[in-house]
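The sequence shown runs 1 to 211 under UniProt numbering.
We put the CB at the ideal spot given by N, CA and C, even for glycine.
These figures come from a predicted structure and were not determined experimentally.
Note sheet for the following structure.
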Amino acid sequence: MVRRLRKTKKNQKFDYNRNRKRLCQKVRRNGNVKCPEIKRAYNPKKDPEQNIREMGLAYDVNRAIPIPKFKQQMKEMALELNALANEEDEEAIESEKPPKREPRPRAKQYVADELERAANEFAGVRYRMPRPQVRQITSMIDQHGFNYYAMERDRRNYEQETWRQFRRKIRKFLKLTEQSMPYLERKGWLDCDMSDPTDPRWKEYGTDDES
1 MVRRLRKTKK
11 NQKFDYNRNR
21 KRLCQKVRRN
31 GNVKCPEIKR
41 AYNPKKDPEQ
51 NIREMGLAYD
61 VNRAIPIPKF
71 KQQMKEMALE
81 LNALANEEDE
91 EAIESEKPPK
101 REPRPRAKQY
111 VADELERAAN
121 EFAGVRYRMP
131 RPQVRQITSM
141 IDQHGFNYYA
151 MERDRRNYEQ
161 ETWRQFRRKI
171 RKFLKLTEQS
181 MPYLERKGWL
191 DCDMSDPTDP
201 RWKEYGTDDE
211 S
């Protein structure tokens, strides 16, 4: 049963042991900013929303990119259809549309420009294979070369992987130069052409083009 409001208020007591000043500081604290561009331009005396807006960024994505309203879309579609039927009403339709607001220049717009420039830069391939998988691939190549059928029948194939899965893993490993170059250098295969099927060291590599 829901308690009565009078009894609920009566049981509420002021906590004299709580440090109100420290609690207020904790509420006003903005947290740690990890992005260096935003951290340099961040003003701790302002609230987070005002800081983000001054940098030309969106604090609330739902407000910055709202979900289109169905009624407004239907109204605009009806106006466009009427304009196609009656070209004389184009001026009236344009006058009915609300004027578009021009975005105001932000005080710290350079922050958004720096983030956009950094996002467009190519940082290279960041994918890396896990070390146990690299050890499995290199040991299989050392024992069986590029004979994927023998890798499939190997008793160390605990995951019961097929020869196609081994081939896909090895091809991906060879494309990751950061991880495969030390192994190829140790084997003395840096000067080899992997696309040459006549080389005995690359037997059964590239013989089946099916991925």
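With distances taken from CA atoms, which of the options is nearest residue i?
{"i": "Trp163", "options": "Ala85, Ser180, Arg63, Asn147", "result": "Asn147"}
{"i": "residue 248", "options": "Pro130, Gln73, Pro66, Glu121", "result": "Outside the shown range of the chain, which is 1 to 211, sits residue 248, and nothing can be said about it."}
{"i": "Ile170", "options": "Met140, Gln73, Gln72, Asn43", "result": "Met140"}
{"i": "Arg126", "options": "Asp142, Lys34, Leu176", "result": "Leu176"}
{"i": "residue 214", "options": "Met151, Met181, Tyr158", "result": "The displayed coordinates of the chain run from 1 to 211. Any statement about residue 214 would go beyond what the structure contains."}
{"i": "Arg156", "options": "Leu5, Arg117, Ile137, Glu49", "result": "Ile137"}
{"i": "Leu184", "options": "Gly145, Thr198, Tyr149, Gln165", "result": "Gly145"}
Under the three-state reduction of DSSP, which class applies to residue i: helix, strand or coil?
{"i": "Arg201", "result": "helix"}
{"i": "Phe122", "result": "coil"}
{"i": "residue 213", "result": "Any answer about residue 213 is impossible in this case: the structure gives the chain only from 1 up to 211."}
{"i": "Phe173", "result": "helix"}
{"i": "Cys24", "result": "helix"}
{"i": "Trp163", "result": "helix"}
{"i": "Asp113", "result": "helix"}
{"i": "Asn32", "result": "coil"}
{"i": "Gly206", "result": "The predicted model places Gly206 with a pLDDT of 45, which falls under 50 and marks its position as unreliable; any figure quoted below should be read in that light. Looking at Gly206 - three-state DSSP - the assignment turns out to be coil, as it is neither helix nor strand."}
{"i": "Lys10", "result": "helix"}
{"i": "Ala85", "result": "helix"}
{"i": "Pro48", "result": "helix"}
{"i": "Met55", "result": "coil"}
{"i": "Glu80", "result": "helix"}
{"i": "Ile65", "result": "coil"}
{"i": "Lys39", "result": "helix"}
{"i": "Leu5", "result": "helix"}
{"i": "Lys75", "result": "helix"}
{"i": "Lys187", "result": "helix"}
{"i": "Pro103", "result": "coil"}
{"i": "Tyr149", "result": "helix"}
Mind reading off the beta-carbon distance from residue i to residue j? Whole number of angstroms is fine, and I expect it under 8 Å.
{"i": "Arg201", "j": "Cys192", "result": "6 Å"}
{"i": "Val111", "j": "Ala64", "result": "So it is not a contact: roughly 16 Å between Cβ atoms."}
{"i": "Asn43", "j": "Asn51", "result": "6 Å"}
{"i": "Glu37", "j": "Glu114", "result": "5 Å"}
Is residue i a contact residue of the ligand ADP, with contact defined as CB to any heavy atom under 7 Å?
{"i": "Asp113", "result": "In the structure on display, the ligand ADP does not appear, and there are no ligands present to speak of."}
Report yes or no: do the stretch 27 to 36 and the stretch 65 to 84 share at least 3 C-beta pairs separated by less than 8 Å?
-> no
For the stretch 105 to 124 and the stretch 51 to 58, state whether three or more C-beta atom pairs, one from each stretch, are separated by less than 8 Å.
-> A contact is defined here as three or more CB-CB pairs under 8 Å, and the stretch 105 to 124 meets this definition with respect to the stretch 51 to 58.
Does the stretch 130 to 145 come within contact of the stretch 110 to 122, defined as at least 3 CB pairs closer than 8 Å?
-> Counting C-beta pairs with one atom in each stretch, the stretch 130 to 145 and the stretch 110 to 122 have fewer than three that are closer than 8 Å, which means they do not touch.
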